[in-house]
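Residue numbers (the working numbering), protein chains in the order written: chain B, 657 to 938; chain W, 657 to 938; chain G, 657 to 938; chain Z, 657 to 938; chain C, 657 to 938; chain H, 657 to 938.
Note that the Cβ used here is the ideal one computed from N, Cα and C, for glycine as well.
Given the structure is predicted, the values throughout are model-derived calculations rather than measurements.
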């Protein structure tokens, strides 16, 4: 799984700092401080409580060293691995107070990202053999976009643009403002650098023809039923990348993939996937 | 719904700043900048795409004024309200570029918090008439604890402690470290101020008796089946607050509530509730 | 003194960073840079110039390692210890420039927190044998609340609430707004979670009776003379915690303690205690 | 009092943000949120509870507008004014919840800075007519240096250097490192720009002669008894500025001033002055 | 000049805050505070001292309102305009102290960005009529990338990628690590999303052929003499975008443009362009 | 070169963090992540591509350890050294991905600061033997003042004031506001502490006489031709420091130095010096 590179740790630490701050508050873990001697040392095991795909393990365990630089973590699986219930993902050793202070922050991040990865992996399995890839969206949770997009990659999915600034996606409002799809594409090409791709959202086959004529890099086929997607893929015929989007569910994704579209985008894994249940035991 | 006070706006702005920064990136909304004139003005409507409970509306629309101080927002429903699909929640008026730049950040926050509130409200309805309250946990998403706990209140739930520092919750590790439940309770009372409550997690009725003898403010009855909960409530007999916890699902919550426990805590709404579908149209 | 847990180091570092920044400015210690060779190494001793109670030593010496990761500190006393003039509290070894750059920042924090602890310890001694505890208030210096409250604990005092959010304290304005003390207590109970205590400030014995009837967790007996406190303690009779507050001085504290109140709160140690004189010598 | 310019508001806001954050915590003012309607409006008066010198009023009231941009403050006295008990310093009008949320943060800052100013003013009065000025030190509270030095100016005192970087102060360690006072002064002159002054700390009259020969801008006469100071002032004879320092108390300051030194530096007002009692009433 | 959208103001403010902080320091503008009455009001004019292309005017004047919200700025030219010496670019009206406090921060930013824009504009004029565009690089000053890239656009240039994350640029080290250019291109395509372009740096015509065979979006023709560029453009024949790079100077740029390459990239304007001289007069 | 002390590393890290953040963006170095194995290790050499004066080497290489704490850097030259093309300045060893991720950030800072130092050194050589020193100004790039002023020192120059707060510089606006030069000087002396110097900008010999009569520490002789400077130096006759300023170029600087002024200030090196070309090779 060497290919899946995590976001820079420096980019993750502010989120972990915020998470630790909101859990430790002004006085820290008052229960452990009252009951556990300062020099008491333990080893804790992070383990899966159900089967799923892991994402964010090396980042989540940073919570321990951020609380106490002396805590040592050993990872037993790599991000992108599939695990079963009871599998031990990592062990952390250090002052017991430090382990308990960082435990929840670590698990909250790890359970969420692994939940996203597990959701994506499950959908990817459904389209296996079709040639379609599963793509994410900008429907992410505040402050977590780079992490959630990393979890999507761990799940076997592919990332759409990271923000409004790294690729052009022309929608109806933009077309309305300049008068025509072709004018919008030209305005975009004139405005952005040569390393920026241009995609257009189309609702009809007529719009698709316009987009192909304008020479776009990709088309987002919005809310088209499978039969229409088949026709769209036929017209596109490799001239650009095709992306199906809109109302895709786990139940409909296979049928859409079989239309031959290159990509199927879904917001569900990043805005609504349940966490993967992961626990911590001393 | 006057009772539900939102977290201080100053506490929410850093999260919105981070969310805006990750969406706008280094170059901003390059598509809109290329196609929509700088002085083009619009009114956008934020509306529900499905029925649910709203949370975070006044906070989420801050995204617009943070992008552009000239955008004016008008709210049509209060947090804590139930809405139906097509209901207009708010209208925002200002430069079209500014509206499109902040749209996704606003919706991502609003959809998530309303999803939490909707999930809690649905569970609260299931226990109606029993006297039990639904309580949240510390299983929240990184950086979002105060906001998610606010959403829980909007859903009709009650907040457990906000972090490790504002209340004592003694678990098995703490008891093991000092030798007995009674010693742990005494150590905690000696360590914390008079305004801090002490709760103990118990797995058995014998432990419950110990806790009651130690004079705790609350007991967390961990993973007890309904019959055992009935017996526990009977032994507690108003001496302290009773909280059922562990593996509670939407299917089992009613039966648990009928045992007479004061509180039922669930992590699911804050770590795994799906978003409420909310859209934005110019 | 194992019981006194310091605030998380991560919570203290921003304050030390601000303090170092305001002392080092844009150009650093220009005097030492001009006169002391970069590789010159020394050992410095931090020692008491007068007797008192130490607080914040392990946190204050972080200033040295924050300036220069190679500086090594050895602590000779624990927070909460009583020291005499000339006692060496810690030794720090490293580049002389680094020691001099961090010296004042370390001492300013240590002298202040030890001043608070010494003041509290002195008051605690005055009430010895009475059963009353000395409690702090929210009258703290900006940015230093968690640290000052830690110093109070080092002095043998007890912490009142840490902020407006972790406990309810109903005062006259709140009662006026809802119409009666009983209504205010009920409104608070309905609004907050089960782990939050409710205290009410009362000026008269009639109000005290109302508070007791409302079932509060604690009463703040405001500005009552000793005779009235005796009567109040009698009426309370263990139903809730009693706190005497208002205009308590070192001269009057013993008489108040002898009335039998559980707690006596004083703002003076955190807003006005003089520093403990602590010096640094190479 | 037009001369006393406050530090830039932008420099003060981070401190107020930290102070508000530590008071409002994660959930805000839960007592007021439970009992006071969101749209309830009041006017509060900030007034002196004892006589003293005011400092930081315009900065401290920023706490209200930072909590709620709609709160309006009206100031009745300027910083640097002397007030009597019961004098109203300012009135603030706005949502009652906002007033109560910011009250303590405002008062904690204002009471502290006015305490510093009052302490300095009292000392300045003691040396009236002597020609000596009272100067502060770097013995300030963490994060508050610029504010405390402003309070010193409001008290009629004069500021010594703001940090290690804006002026040279050569002490025994620096002299020891380079071998002689004269070499240290030359090293400093060579190292710093032409707009930086050089002061040397001297313990004896022989050292003073060396310093004068080296052509320094100022000498710090450390811990010299009055008779020795008279001799020192005589030898200096206007060649540079003279500063008496070390163990100066309110009792000894007049005698020192009468020796004819230009400046008398004292750390006490910034590290140990008690607050000025200032209250807030709705 | 409607097309040139500035970076989000929220992204610029931290840089201006840092710049104001380093100019105002701990005590602010002590000269103006000592000599200019607090309520003295002036109007200042920002004007060009030499001819050039303006960039960053609306952003740079934010410095004034950040110091003092009451300062009003009126802009007389738009970014991207050419101005002559003595042209007034903007007028700012407000407290004189505020104008002088922000003046240097405003001018330092404006002069630098306009210097970049002027440098780019001069180079763009040299290649006029050739069809080649001038492109920037990642050789920017720390903390100023988005601003400098905006200045490049104001100068008539085009932006290359904004960072290491928004486009792939395969160089010799990457090819060496995987074994061949083709393998590197495939690895990149597999790793990144569909909205990310892939460019390869080639030193020889053989490498160019490999790159074309691999189907890249753009080739960077590194340090090729004009004759070789002509041959390269011929081989590319519209299959992908061509970029000449390496050692391009103002003297050689025209000859390179005449080879028919699409883009010519130069680091000089962002790392070494002299400022445009812009002054401020009350 | 022991004398040249760099700014505190803690003060430099925020700038490097911002620079790394703008280069790594949300997804990091996607090209290296796709092509270079995570555990691939290399040694990179930082070497001069042209001759010049080095500044900021130890600070710039912090970029590597900030990306990856395991990277080890070895420095081969000290700041303030003159180097020739091909000289190796430093070697860094660690994960190849980490080296490539930090390379550009390191070089952008190092090339810029060394460009400033090289420019200053070249000017200093031109005035060799005259006794005049080259001084910088406040015309620096946003966020880089302390670093650029350090580069000036590495170039053999001297620093003028660091900001508006550490020295007084009275200009025409200040004189106009109070009525006369003498009044302005007196107002300044009354306002600032004893460790702050006062300089006045004068345009004429009459103003110079006024300034000398007022007893200033330095005069800034603004835009005076050499003959007038000779006369000015003659009148000053050692009473205070003399600084020539305004329109000084590399061509005119020698003639100005020969007038006998103490200091010649130039903004060019900090606002307009081209970078020194420095490269990085694995």
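Check your understanding: How about residue 720 (chain H): is its C-beta nearer than 7 Å to some C-beta of chain G?
Key -> Working through the sixth chain from its first residue, we reach residue 720 (chain H) at position 64. Judged by the 7 Å Cβ criterion, residue 720 (chain H) is not in contact with chain G.
**Study point:** Contact list for the segment 683-714 of chain G against chain H, Cβ threshold 9 Å
**Key:** 683, 684, 685, 686, 688, 689, 690, 693, 694 and 695
Check your understanding: With respect to the beta strand (DSSP E) encompassing residue 874 (chain Z), which residues constitute its N-terminal and C-terminal limits?
Key -> Numbered from 1 along the fourth chain, position 218 holds the residue referred to as residue 874 (chain Z). First-last of the beta strand (DSSP E) with residue 874 (chain Z): 874-878.
Point to revise | Assumed close pair residue 727 (chain G), residue 749 (chain G) - CB separation to whole angstroms, cut-off 8 Å | key: On the third chain, position 71 is the one that residue 727 (chain G) refers to. On the third chain, position 93 is the one that residue 749 (chain G) refers to. Confirmed, Cβ separation roughly 7 Å.
Check your understanding: Looking at the unbroken beta strand (DSSP E) that takes in residue 836 (chain Z), where does it start and where does it end?
Key -> Locating residue 836 (chain Z) in the fourth chain gives position 180, counting from the first residue. Residue 836 (chain Z) -> no beta strand (DSSP E), and no H or E assigned at all.
Exercise for review: Identify each residue in the segment 798-831 of chain B for which the Cβ-Cβ distance to at least one residue of chain C is less than 7 Å, and report them in chain order.
Suggested key: 814, 815, 816, 817, 822 and 823
Check your understanding: Given that residue 912 (chain B) touches chain C, what residues does it touch there, using C-beta distances under 7 Å?
Key -> To locate residue 912 (chain B), count along the first chain from 1; it is residue 256. None at all; the shortest Cβ gap to chain C is about 16 Å.
Exercise for review: Identify, in the order they occur along the chain, each residue of the same chain with its Cβ nearer than 6 Å to the Cβ of residue 771 (chain C), setting aside the five sequence neighbours on each side.
Suggested key: One-based indexing of the fifth chain puts residue 771 (chain C) at position 115. Closer than 6 Å at the Cβ level, and outside the excluded window around residue 771 (chain C), lie 929, 930, 931 and 932.
Check your understanding: Would the C-beta of residue 744 (chain C) count as close to the ligand ATP, meaning under 6 Å from any of its heavy atoms?
Key -> As far as ligands go, the structure on display features none, and thus does not contain the ligand ATP.
Check your understanding: Going by C-alpha distance, which of Z:873, Z:851 and Z:858 is nearest residue 880 (chain Z)?
Key -> The count along the fourth chain starts at 1 and reaches residue 880 (chain Z) at position 224. Checking every option, the nearest Cα to that of residue 880 (chain Z) belongs to Z:858.
Review point. Beta-carbon separation of residue 904 (chain B) and residue 920 (chain B) under 7 Å?
Key: Position 248 of the first chain, counted from the first residue, corresponds to residue 904 (chain B). Position 264 of the first chain, counted from the first residue, corresponds to residue 920 (chain B). Yes, they are a contact pair.
Practice item. Tell whether a beta-carbon distance below 7 Å holds between residue 807 (chain G) and residue 777 (chain G). Key: Start at 1 with the first residue of the third chain, and residue 807 (chain G) comes out as number 151. Start at 1 with the first residue of the third chain, and residue 777 (chain G) comes out as number 121. Cβ distance not < 7 Å, so residue 807 (chain G) and residue 777 (chain G) don't count as in contact.
Exercise for review: Mind listing, in chain order, the continuous alpha helix (DSSP H) runs of no fewer than 4 residues lying wholly within the segment 701-773 of chain B?
Suggested key: 713-716 and 718-723
**Study point:** Length of the line joining the Cα atoms of residue 759 (chain Z) and residue 719 (chain Z)
**Key:** Taking the fourth chain and counting its residues from 1, the one referred to as residue 759 (chain Z) is at position 103. Taking the fourth chain and counting its residues from 1, the one referred to as residue 719 (chain Z) is at position 63. Distance between the alpha carbons of residue 759 (chain Z) and residue 719 (chain Z): 8 Å.
Exercise for review: Thinking residue 830 (chain C) and residue 687 (chain H) are a contact (beta carbons under 8 Å), I'd like their distance in whole angstroms, please.
Suggested key: Walking along the fifth chain from the start, residue 830 (chain C) turns up at place 174. Walking along the sixth chain from the start, residue 687 (chain H) turns up at place 31. Right, the Cβ-Cβ distance comes to about 6 Å (below 8 Å), so this counts as a contact.
Check your understanding: If you count every other CB in all the chains shown that lies within 10 Å of the CB of residue 883 (chain H), and 16 or more means buried, which is it?
Key -> Within the sixth chain, residue 883 (chain H) is the residue found at index 227, counting from 1. By the neighbour-count rule (16 or more Cβ atoms within 10 Å), residue 883 (chain H) is not buried but exposed.
Review point. Does the distance from the CB of residue 740 (chain B) to the CB of residue 703 (chain B) come in under 7 Å?
Key: On the first chain, residue 740 (chain B) is found 84 positions in, with the first residue counted as 1. On the first chain, residue 703 (chain B) is found 47 positions in, with the first residue counted as 1. It is not a contact, given that the beta carbons lie outside the stated cut-off.
Exercise for review: Could you tell me whether the Cβ of residue 669 (chain Z) comes closer than 7 Å to any Cβ of chain H?
Suggested key: Along the fourth chain, one-based indexing puts residue 669 (chain Z) at 13. For residue 669 (chain Z), the answer is no, since every Cβ of chain H falls outside 7 Å of its Cβ.
Practice item. May I have a chain-ordered list of the alpha helix (DSSP H) segments no shorter than 4 residues that lie completely inside the segment 798-839 of chain Z? Key: 801-810 and 828-834
Review point. What runs of the beta strand (DSSP E), each 3 residues or longer, lie entirely inside the segment 834-922 of chain G?
Key: 854-858, 874-878, 897-901 and 919-921
Review point. Which partner residues does residue 788 (chain H) have in the DSSP bridge list?
Key: Indexing the sixth chain from 1 puts residue 788 (chain H) at position 132. Paired residue(s): none; residue 788 (chain H) is not in a bridge.
Check your understanding: What did DSSP end up calling residue 679 (chain G) once you bin it into helix, strand or coil?
Key -> Your numbering for residue 679 (chain G) matches position 23 in the third chain. Reduced to three states, the DSSP call for residue 679 (chain G) is helix.
Point to revise | Length of the line joining the Cα atoms of residue 767 (chain W) and residue 775 (chain W) | key: Stepping through the second chain from its first residue, residue 767 (chain W) is reached at position 111. Stepping through the second chain from its first residue, residue 775 (chain W) is reached at position 119. Answer to the nearest angstrom: the Cα atoms are 12 Å apart.
Review point. Using the rule of at least 16 other Cβ atoms within 10 Å of the residue's Cβ for burial, across every protein chain shown, is residue 836 (chain B) buried or exposed?
Key: Position 180 of the first chain, counted from the first residue, corresponds to residue 836 (chain B). Under this definition residue 836 (chain B) is an exposed residue.
Review point. To the nearest angstrom, how far is it from the Cα of residue 679 (chain B) to the Cα of residue 876 (chain W)?
Key: To locate residue 679 (chain B), count along the first chain from 1; it is residue 23. To locate residue 876 (chain W), count along the second chain from 1; it is residue 220. Taking the straight line joining both Cα atoms gives about 20 Å.
Practice item. Please name the residue, chosen from Z:789, Z:671, Z:825 and Z:677, that lies closest to residue 799 (chain Z) on a Cα-to-Cα basis. Key: Here residue 799 (chain Z) refers to the residue found at position 143 when the fourth chain is read from its first residue. The candidate whose alpha carbon is nearest that of residue 799 (chain Z) is Z:671.
**Study point:** Classification of residue 804 (chain B) by the beta-carbon crowding that lies within 10 angstroms, buried from 16 upward
**Key:** The count along the first chain starts at 1 and reaches residue 804 (chain B) at position 148. The residue is buried, with at least 16 neighbouring Cβ atoms inside 10 Å.
**Study point:** Short-range partners of chain Z found in the segment 722-742 of chain C, where Cβ spacing is below 8 Å
**Key:** 722 and 723
Exercise for review: Measure the CB-CB distance between residue 819 (chain C) and residue 681 (chain H) and report whether it falls below 7 Å.
Suggested key: Walking along the fifth chain from the start, residue 819 (chain C) turns up at place 163. Walking along the sixth chain from the start, residue 681 (chain H) turns up at place 25. Yes, they are a contact pair.
**Study point:** chain C within 7 Å of residue 795 (chain B), Cβ atoms only
**Key:** Here the question's residue 795 (chain B) lines up with position 139 in the first chain. Not an interface residue.
**Study point:** C-beta atoms of residue 723 (chain C) and residue 757 (chain C) nearer than 7 Å
**Key:** Residue numbering aside, residue 723 (chain C) sits at position 67 when the fifth chain is read from its first letter. Residue numbering aside, residue 757 (chain C) sits at position 101 when the fifth chain is read from its first letter. A contact, by the Cβ cut-off of 7 Å.
Exercise for review: For residue 938 (chain C), I'd like the list of residues in its chain whose CB is within less than 6 Å of its CB, leaving aside the five on either flank, ordered along the chain.
Suggested key: Translated into the one-based positions of the fifth chain, residue 938 (chain C) becomes position 282. Here the set comprises 698 and 700.
Point to revise | Counted within 10 angstroms of its Cβ, other Cβ atoms place residue 860 (chain G) as buried (16 or more) or exposed | key: To locate residue 860 (chain G), count along the third chain from 1; it is residue 204. Burial call: exposed.
Point to revise | DSSP bridge partner residues for residue 934 (chain C) (one or two, in chain order) | key: Counted from its first residue, the fifth chain places residue 934 (chain C) at position 278. DSSP output for residue 934 (chain C) lists C:704 as bridge partner(s).
Check your understanding: Checking contacts by CB at 7 Å: is residue 849 (chain G) closer than that to chain W?
Key -> Within the third chain, the letter at position 193 stands for residue 849 (chain G). Chain W, which has a Cβ nearer than 7 Å to the Cβ of residue 849 (chain G), makes this yes.
Review point. Taking only beta-carbon atoms, is residue 661 (chain H) less than 7 Å away from chain G?
Key: Counting from one through the sixth chain, the residue named residue 661 (chain H) turns up at place 5. For residue 661 (chain H), the answer is yes, since a Cβ of chain G falls inside 7 Å of its Cβ.
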